[in-house]
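Q:
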Amino acid sequence: MAKTDIIAKIQANAGIATKAEAGKVLDAVLGAIQDSLVSGEALTLTGFGTFKVSERAARTGRDPRTGNAIDIPASKAVRFTPGKTLKDAVK
Numbered sequence: 075m076a077k078t079d080i081i082a083k084i085q086a087n088a089g090i091a092t093k094a095e096a097g098k099v100l101d102a103v104l105g106a107i108q109d110s111l112v113s114g115e116a117l118t119l120t121g122f123g124t125f126k127v128s129e130r131a132a133r134t135g136r137d138p139r140t141g142n143a144i145d146i147p148a149s150k151a152v153r154f155t156p157g158k159t160l161k162d163a164v165k
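Going by our numbering, the sequence shown opens with residue 75, and the numbers climb by one from there.
1. How about Leu119 and Gly157: do their beta carbons lie closer than 9 Å?
2. Looking at the structure shown, is Ala163 part of a helix, part of a strand, or coil, going by DSSP?
3. Using DSSP with H/G/I as helix, E/B as strand and the rest coil, what is Asp145?
4. Which one of Met75, Lys165, Leu117 and Arg133 has the shortest CA to CA distance from Val127?
5. Tell me, which residues are paired with Glu129 by DSSP?
6. Considering only DSSP beta bridges, list what Thr134 is partnered with.
7. Kindly list the residues whose CB is nearer than 6 Å to the CB of Pro147, restricted to its own chain and excluding five residues on each side of it in sequence; keep chain order.
8. Just the C-alpha distance for Lys78 and Asp101, rounded to the nearest angstrom, thanks.
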């Protein structure tokens, strides 16, 4: 499913007049999620799931072409844990 498909569903389900308005709604929601994660907060949507940022430690890896050891720097990653309602719906 593409972003345009989601916008069309939002328009139909929420009774929004135009796809442009539905697109603004989706962009606002995604922006709020991003702002929450950038500030380090976890975001819980009850029944849907939880988004949170986790830290990845620096580590040593291998270059698959040469086999040489390389240093992989520490980084952050977004994690998503689905909620019960979402898990049950997918089953």
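Note that the Cβ used here is the ideal one computed from N, Cα and C, for glycine as well.
A: The short version:
1. yes
2. helix
3. strand
4. Leu117
5. Lys150
6. Asp145
7. Ala132
8. For the record, residue 78 in the displayed sequence is Thr; it is not Lys. Those two C-alpha atoms are separated by around 12 Å.
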